[in-house]
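Engineer: Quick one: the structure is below, and I'll ask about it shortly.
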Amino acid sequence: MGGTFDPIHFGHLVAASEVAHQFGLAEVWFVPTGNPWQKHDQQVSSAEDRYLMTVIATAADARFSVSRVDVDRPGPTYTADTLKELRQSLPEPTDLYFITGADALADILTWERTDEVRELAYLIGVTRPGHVLADPGVAPGRTTLFEVPALAISSTDCRERVARGAPIDYLVPAGVASYIAKRGMYRRVTTP
Ligand code: ATP
Ligand code: MG
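If you're matching positions, the sequence shown starts at 3 in the working numbering and goes up one per residue.
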């Protein structure tokens, strides 16, 4: 599951958990982006902070791990590169599923090297409130749209809450809220 995770929240975690259950996945790897080219117009927290928050959020779940492939690869993050690198680190007959939100899946046709992405992994688009789960027209058989329990949480809202002094308790794991407070993150709104 790729994402900016700035910060990771319970919407990401419930999506990963539900997909793992429904598709019988042995493991879910959270892959924080390095330099998200889709968000070049926004201030994004350091890759290290986003990586550490993701580790904190997933530490207690035996199915969940965090990969540094995107954080450590210089330059913009492209999904095809991410999947290639993950594929190389896995034993040969392993099926890869790329889990992403319905909003991001709808963008998939605008990504570079979409054919490569489709060859490397099955794509699973999960619901999120406020985004219609419409078939983005990706080749059938490789793409599944999947409903997860709706949690109207976004990282943008979490950042804005911190900036105005509102709580983010129960929107993000307690350890993530503590990390944000300790590091003084998001005290000012950084998105336009
Ligand atoms: P931002 O508000 O900064 O865009 P975000 O909450 O969308 O952050 P991302 O890190 O961009 O979080 O999301 C990673 C993936 O998780 C995306 O594909 C996104 O669609 C999906 N996602 C985010 N929030 C939810 C949610 N509440 N339910 C289901 N999927 C979600
Ligand atoms: Mg988003």
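Quick reminder that beta carbons are idealized off the backbone N, C-alpha and C, glycines included.
(1) Count the other CB atoms, across all protein chains shown, that sit within 10 Å of the CB of L88; report buried if there are 16 or more and exposed otherwise.
(2) Answer yes or no: do G4 and T81 have a C-beta to C-beta separation smaller than 9 Å?
(3) Just to confirm the assignment, what range does the alpha helix (DSSP H) spanning Y181 have?
(4) Tell me the DSSP secondary structure of S19 in three-state form.
(5) Once you ignore the five residues that flank E121 on each side, which residues in its own chain have a CB closer than 6 Å to its CB?
(6) Hey, out of A49, F25, G26, whose CA is closest to I10's CA?
(7) Going by other Cβ atoms of all chains shown within 10 Å of its Cβ, with 16 needed for buried, is A62 buried or exposed?
(8) Considering only residues of the same chain and omitting the five flanking positions on each side of L98, which have a CB-CB separation below 8 Å?
(9) Could you tell me the distance, in whole angstroms, from the CA atom of R65 to the CA atom of E149?
(10) For F7, which three-state DSSP category applies?
(11) If you run the structure through DSSP and keep just helix, strand and coil, what is I155?
(12) What is the DSSP secondary structure of R163, counted as helix, strand or coil?
(13) Which residues in the same chain as I196 place their Cβ atom closer than 6 Å to its Cβ, once the five residues preceding and following it in sequence are excluded?
(14) Should F7 and R52 be called a contact, given that it needs their Cβ atoms to be closer than 9 Å?
(15) Starting from the C-beta of P175, find all residues in its chain whose C-beta is less than 6 Å away, skip the five residues before and the five after it, and write them out in chain order.
(16) Among A168, T158, W31, V164, whose alpha-carbon lies nearest the alpha-carbon of V57?
Structural biologist: So, to answer that:
(1) Locating residue 88 in the sequence shown gives position 86, where the first residue counts as 1. Looking at its Cβ environment, which holds 16 or more other Cβ atoms inside 10 Å, L88 is buried.
(2) As a working note, residue 4 is residue 2 in the sequence shown. As a working note, residue 81 is residue 79 in the sequence shown. Yes, Cβ-Cβ distance for G4 and T81 is below 9 Å.
(3) By 1-based counting over the sequence shown, the position of residue 181 is 179. Counting along the chain, the alpha helix (DSSP H) containing Y181 begins and ends at 176 to 185.
(4) Translated into the one-based positions of the sequence shown, residue 19 becomes position 17. Three-state DSSP puts S19 in a helix.
(5) Taking the sequence shown and counting its residues from 1, the one referred to as residue 121 is at position 119. Here the set comprises nothing.
(6) To locate residue 10, count along the sequence shown from 1; it is residue 8. The option with the nearest alpha carbon to I10 is A49.
(7) Counting from 1 along the sequence shown, the entry for residue 62 is found at position 60. The residue is exposed, with fewer than 16 neighbouring Cβ atoms inside 10 Å.
(8) Residue numbering aside, residue 98 sits at position 96 when the sequence shown is read from its first letter. Around L98: L85, L88, R89, L92, L122, A123, Y124.
(9) The residue you call residue 65 lines up with position 63 of the sequence shown. The residue you call residue 149 lines up with position 147 of the sequence shown. If you take the alpha carbons of R65 and E149, they lie about 20 Å apart.
(10) To locate residue 7, count along the sequence shown from 1; it is residue 5. F7: coil per DSSP, three-state reduction.
(11) Locating residue 155 in the sequence shown gives position 153, where the first residue counts as 1. Three-state DSSP puts I155 in coil, outside helix and strand.
(12) Here the question's residue 163 lines up with position 161 in the sequence shown. Here R163 sits in helix by DSSP.
(13) The first residue shown for the chain is 3 and the last is 194, placing residue 196 beyond what the model contains.
(14) Counting from 1 along the sequence shown, the entry for residue 7 is found at position 5. Counting from 1 along the sequence shown, the entry for residue 52 is found at position 50. The answer is yes: Cβ separation under 9 Å.
(15) For the purposes of this step, residue 175 is identified with residue 173 of the sequence shown, where counting begins at 1. Hits under 6 Å: A59.
(16) Here residue 57 refers to the residue found at position 55 when the sequence shown is read from its first residue. Among A168, T158, W31, V164, the Cα nearest to that of V57 is on W31.
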